[in-house]
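Q: Below you'll find the structure I mean.
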Amino acid sequence: MTLMQVIFLANALVTIFAALMMVTSRKLIHAALWLVLCLFGVAAVFGMLEASFITIVQIIVYIGAIAILILFAVMLTQNAVDDSYKGNRRWLMTGLVALLALGGTLLALFTWPKVASLSTALTTAQLDIGLIGQALVDPQGYVIPFEVSSLLLIAALIGAIYVGMERKGEEK
Amino acid sequence: MSFVADPVTFIIDWLQRVLGGWGLSSGWVQFILFALGAILLTVGPMLLTVGLIWVERKLGGRFQDRLGPNRVGPWGVFQTIADMLKIFTKEYITPIGADKVLYNLAPILAVGAVLGVWAVIPLSSTIFGTNINVGVLYIMAVGAIGELGVILAGLGSNNKYALLGGFRAVAQLISYEVPMVLALLVPVMLSGSMGLNDIAGAQKVAYVFLVPAAALVFFIAAIAENGRAPFDLMEADSEIVAGFNIEYSGLKFGMFYVADFLHAFTSALVFSTIFLGGWQGPGAEQYPILGFIYLMIKTVIVYVFLLGVRFTLPRFRIDQMMAVNWKLLTPLAMAAILVTAIVDKLTPGGFGLVRIVALLVSNVGLLLITNWLVGAYVRAHRARRQVVSGPRTVVVAPPKPVSEAQEVNA
Amino acid sequence: MIPLSWFLILSAILFIIGLFAVITRKNSIAILLGIELMLNAANINIITFWRYLYAPSGNLDGIILALMVFVVAAAETAVGLGLILSVYRRRKTVVADDLDTLKG
Chain A
16 MTLMQVIFLA NALVTIFAAL MMVTSRKLIH AALWLVLCLF GVAAVFGMLE
66 ASFITIVQII VYIGAIAILI LFAVMLTQNA VDDSYKGNRR WLMTGLVALL
116 ALGGTLLALF TWPKVASLST ALTTAQLDIG LIGQALVDPQ GYVIPFEVSS
166 LLLIAALIGA IYVGMERKGE EK
Chain B
1457 MSFVADPVTF IIDWLQRVLG GWGLSSGWVQ FILFALGAIL LTVGPMLLTV
1507 GLIWVERKLG GRFQDRLGPN RVGPWGVFQT IADMLKIFTK EYITPIGADK
1557 VLYNLAPILA VGAVLGVWAV IPLSSTIFGT NINVGVLYIM AVGAIGELGV
1607 ILAGLGSNNK YALLGGFRAV AQLISYEVPM VLALLVPVML SGSMGLNDIA
1657 GAQKVAYVFL VPAAALVFFI AAIAENGRAP FDLMEADSEI VAGFNIEYSG
1707 LKFGMFYVAD FLHAFTSALV FSTIFLGGWQ GPGAEQYPIL GFIYLMIKTV
1757 IVYVFLLGVR FTLPRFRIDQ MMAVNWKLLT PLAMAAILVT AIVDKLTPGG
1807 FGLVRIVALL VSNVGLLLIT NWLVGAYVRA HRARRQVVSG PRTVVVAPPK
1857 PVSEAQEVNA
Chain C
10 MIPLSWFLIL SAILFIIGLF AVITRKNSIA ILLGIELMLN AANINIITFW
60 RYLYAPSGNL DGIILALMVF VVAAAETAVG LGLILSVYRR RKTVVADDLD
110 TLKG
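Laid out in C-alpha cells, this is it:
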C-alpha cells in the first residue's frame, strides 16, 4: 500500500460519505453543504490524476460559483418543504435497482482487459498549461468547441436573466 | 549554503538527514516536512496579525488626526494582546434558531481561505510552500472558498440583517472576482507561466512599471474583494450594524476580525509578488534571506498605501459599487489585456528599452483615455440630472396694501 | 501506483448515488444537486481515461472535454435555478410533484 493509494482511499471514503449524506439529509442547506464537501473530494481526485488546471477550475467554477448559486436559491425559497428520500414511496425499490445497476456496470467493466493498467509517468513538458491554451485556439485543435461553448454561455446568460426577471404587472 | 544566507534550506536538509537516519522511508520524511511547513505557514501569519492590528489602529489614528491606542505599553504595542485576551474569554452566544453547522463553519472557512494563499507565495527564491504551476488560479480558487464562508455566516445566523449583509457581500465578492482574474492574466502573459515562482523570478523590471493599468485594476479589485473601505458595504457599521457577522461573539468574531486584517496583508503580499517583483532585489539570489526581507519591505509599503486608501475615502453605495465594477473595471481590464498583448507581440522580447517604453506608454495612454471617458460620462450624467430637477422659483404672493387693512380694523 | 479500476469504481458509485438523489427527492433544488453529482462523476471518468490512455501521447482531448462539461454544467445550473425561482414566485412551491399542470 503506497502512500498515494492510502491517500486515494481516504479521499474516496470521504467523497462517498459526503455524497450519501447529501442524499439522506432532511434540510436542504445541509444537503448543499455536503455536496460542497463532495466536490472538494472530486477536486482532490483530479489533483491525483495530475490534471492541475482541471482541479483549480473545479474549485473556482463548482464550489466558487455553482455551489454559491445553489445556496442563493435555497435562501430565496426558504419556506419550501424539507423532504427526505423516504418521501418517495418506492425508495427501497429504487435503491435496490440502483445497486443492481452499479453491480452490472462494474461486472461489465471488469471484462475489459486493460482495466488494471497502471499510469505511466508524464514528463514536465507534457503537463504544461500553455499546451491547453494553445489547443483551445488552434484551428486544427479545439477552437470550434471553444467558440461554441462561449455562444452557449451567452445564450444561458440571456435565458437565465429573462426567465428569472420579475416582470411588472404580472399577477401573482 | 551557510545558515546565515539560507536558513530555511539549511534546516530542511538537516531535518532530512536526521529523519532519514532514524530509518523512515523518504515518502514519510517528505510528508513530515510538508506538515511542518504547513504548520509554520499557518501559525506565522496568525502571529503576524497581532502586529498588523496594532499598525492599522495606530496609523489609522494618525490619518484621522488622533493618537490611536497609547495606554497599554509604549505607543500602545500591547493593546492587541489586551484585545486578544478579551476576545478569548468572551462567552459564545449562539442565537436561537441558528443552524449550528453553518454558524460554526463560517469563521473556519473565512480564516482558512486567507491562510491558504500563503502556501503558494514565494517568500524567497528557495523558501516557498509549494510550487504548483497554476498558482495564480489557486489564489482565485481560495478566495472563492472565503466567499462561501461569508454566505454561510449570513444564512446561519437566523437574523434578517445578517441575511441582507450576506446577500450584498456575496454579490460584491463574486462581481469583483471578474476584473481581478482579468488583471491577473496580464502578468501571466508577460512572464509566460501561471506559477508564482516563475512570475516573481521573471521580473527583472517590476511589472508595475510595465503594465500600470493592470496593476491599478488588480489593486482596486483586491480592496473590493477584501471588503475594506471604500468597498466596505459588507460591514457597513452605520447601515446594517456589522452585516453578516452581527451574531458572532468571542473568538468566532475574532476569527472574522483576524481574517479581515490578514486578508489585507495577504492582498498586499500577492500584489508585491506579482507586480512589484516579489523577492527580487540587489543580492537576493545569492542570499535568499535578503529576498524575504525585500518582499516584506515591499509588502509593508503596499499595506500602508492600502491603509491610506481605507482611511481617506468614503463608502460606496451598492449601485455605485456595481457600476464601478461592470462599467469601469471589467472593460478596463479587458482593454489592458488587449493593449498589452498587441504591444507585447509588436516589440522585441526581453527587457529592452523599446519594449518597456512601449508598454508603459500604451498603458498610461489607456488610463488617460479611461479617465477622459469617465469624466465625460459623469458630466453627461450630471447634465441629465440638472434638467430633471433644476431649482424652481418660488412664487410669492404680493403683500396687501396697508390702507385696506386699516379700513378693516376701524 | 493506483490502478485504473479504482478511479472508475469511484466514479460509478458517485454516479449511482446521484441517480438515486434525482429519483427519490421531491424538492427541485435537491434534484439539481443530484444532477451536479452525476456530472462530476462523469468528469472523473473522463479525466481518468485521459490520464491513463491519452496523456502519454500528448493528446489533450480529455481535458478539453472536461472543460466543455464544466461549461454545460454551469449553464444548465444557471438556467435551471432561474426557472425554479420563477416557478416559486408564481406558485410558492418547488416540490416537483406539485408542478403537474401539463399532466393529461
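Respectively, the protein sequence lines represent chains A, B and C. Each residue of the first sequence is one higher than the one before, starting from 16 at the first, in my numbering. Each residue of the second sequence is one higher than the one before, starting from 1457 at the first, in my numbering. Each residue of the third sequence is one higher than the one before, starting from 10 at the first, in my numbering. Idealized CB from N, CA, C, for every residue including glycine.
Helix, strand or coil for Phe-1584 of chain B? Go by DSSP, reduced to three states.
A: Strand at Phe-1584 of chain B.
Q: Please look up how many angstroms separate the CB atoms of Pro-1578 of chain B and Leu-1652 of chain B, rounded, as I've assumed it's under 8 angstroms.
A: The Cβ separation is near 6 angstroms, so the contact holds.
Q: Could one say the Cβ of Val-1813 of chain B lies closer than 8 angstroms to chain A's Cβ atoms, at least one of them?
A: no
Q: Taking Cβ positions only, does Leu-48 of chain A come closer than 8 angstroms to chain E?
A: Given the protein chain composition of this structure (A, B and C), no chain E is represented.
Q: In three-state DSSP terms, what is Asn-36 of chain C?
A: If DSSP states are grouped into helix, strand and coil, Asn-36 of chain C belongs with the strands.
Q: Using beta carbons (cut-off 8 angstroms, strictly below), is Met-47 of chain C in contact with chain A?
A: no
Q: Compute the distance between the beta-carbons of Asp-70 of chain C and Tyr-63 of chain C, then report whether it is under 8 angstroms.
A: yes
Q: Suppose the cutoff is 6 angstroms on Cβ atoms and the five residues either side in sequence are ignored; what does the same chain contact list for Leu-41 of chain C look like?
A: The answer, listed in chain order, is Gly-89.
Q: In the DSSP assignment, the alpha helix (DSSP H) including Tyr-1759 of chain B goes from what residue to what residue?
A: 1744-1768
Q: Please classify Ala-1625 of chain B as buried or exposed, where buried requires at least 16 neighbouring CB atoms within 10 angstroms.
A: Around the CB of Ala-1625 of chain B, 16 or more other CB atoms lie within 10 Å, so the residue is classed as buried.
Q: I'd like to know if Tyr-1559 of chain B contacts chain A, where contact means its C-beta is closer than 8 angstroms to some C-beta of that chain.
A: no
Q: Work out the CA separation of Val-1573 of chain B and Val-1642 of chain B for me, nearest whole Å.
A: 20 angstroms
Q: Please decide whether Ile-40 of chain C counts as near chain A, where near means a Cβ-Cβ distance under 8 angstroms.
A: no
Q: Pro-1578 of chain B bridges to which residues according to DSSP?
A: B:Phe-1584
Q: Of all the CB atoms in chain A, is at least one closer than 8 angstroms to the CB of Ala-1600 of chain B?
A: yes
Q: Quick one: what does DSSP say Val-104 of chain C is sitting in, helix, strand or coil?
A: strand
Q: Taking only three categories from DSSP, how would you classify Trp-1478 of chain B?
A: coil
Q: For the region 1752-1769 of chain B against the region 1712-1723 of chain B, are there 3 or more C-beta pairs whose distance is under 8 angstroms?
A: Enough Cβ pairs lie closer than 8 angstroms, so yes.
Q: Check whether chain C comes within 8 angstroms of Leu-91 of chain A, counting only Cβ atoms and requiring the distance to be less than that.
A: yes
Q: How would you call Gly-1599 of chain B, buried or exposed, if buried means at least 16 neighbouring beta carbons within 10 angstroms?
A: buried
Q: What first and last residue would you give for the alpha helix (DSSP H) that runs through Ile-71 of chain A?
A: Looking at the DSSP string, the run of the alpha helix (DSSP H) that includes Ile-71 of chain A is 67-72.
Q: Identify the contact partners of Ala-75 of chain C in chain A, using a Cβ-Cβ distance below 7 angstroms as the criterion.
A: Ile-69
Q: Helix, strand or coil for Asp-1462 of chain B, going by three-state DSSP, please let me know.
A: Residue state for Asp-1462 of chain B is assigned as coil, using DSSP reduced to three classes.
Q: Taking buried to mean at least 16 other C-beta atoms within 10 Å of its own C-beta, is Met-1502 of chain B buried or exposed?
A: exposed
Q: With 8 angstroms as the threshold, decide whether the Cβ of Pro-154 of chain A is near any Cβ in chain C.
A: no
Q: Apart from the five residues on each side of it in sequence, which residues of its chain come closer than 7 angstroms, Cβ to Cβ, to Phe-16 of chain C?
A: If we look at Phe-16 of chain C and ignore the five residues flanking it on each side, its Cβ neighbours are Ile-53, Thr-57.
Q: Out of B:Leu-1822, B:Val-1726, B:Leu-1492, which has the shortest C-alpha to C-alpha gap to Phe-1674 of chain B?
A: B:Val-1726
Q: Can you find a CB in chain A that lies within less than 8 angstroms of the CB of Tyr-1594 of chain B?
A: yes
Q: Would you call the region 1679-1690 of chain B and the region 1503-1516 of chain B touching, i.e. three or more CB-CB distances under 8 angstroms?
A: The region 1679-1690 of chain B vs the region 1503-1516 of chain B: no contact.
Q: Given that Leu-19 of chain C touches chain A, what residues does it touch there, using C-beta distances under 8 angstroms?
A: Ala-27, Thr-30, Ile-31, Val-60
Q: Please state whether DSSP places Val-1702 of chain B in a helix, a strand or coil.
A: The residue you asked about is not Val; residue 1702 of chain B is Ile in the sequence shown. Looking at Ile-1702 of chain B - three-state DSSP - the assignment turns out to be coil, as it is neither helix nor strand.
Q: If distances are taken between C-alpha atoms only, which option among C:Leu-108, C:Phe-24, C:Ala-30 comes closest to Arg-105 of chain A?
A: C:Ala-30
Q: With 8 angstroms as the threshold, decide whether the Cβ of Ile-75 of chain A is near any Cβ in chain B.
A: yes
Q: Can you find the residues in the same chain that come closer than 6 angstroms, C-beta to C-beta, to Pro-1551 of chain B, ignoring five residues on each side of it along the sequence?
A: Asn-1614, Glu-1703
Q: Comparing alpha-carbon positions, which option in B:Phe-1717, B:Gly-1657, B:Pro-1855, B:Lys-1556 lies nearest Leu-1732 of chain B?
A: B:Gly-1657
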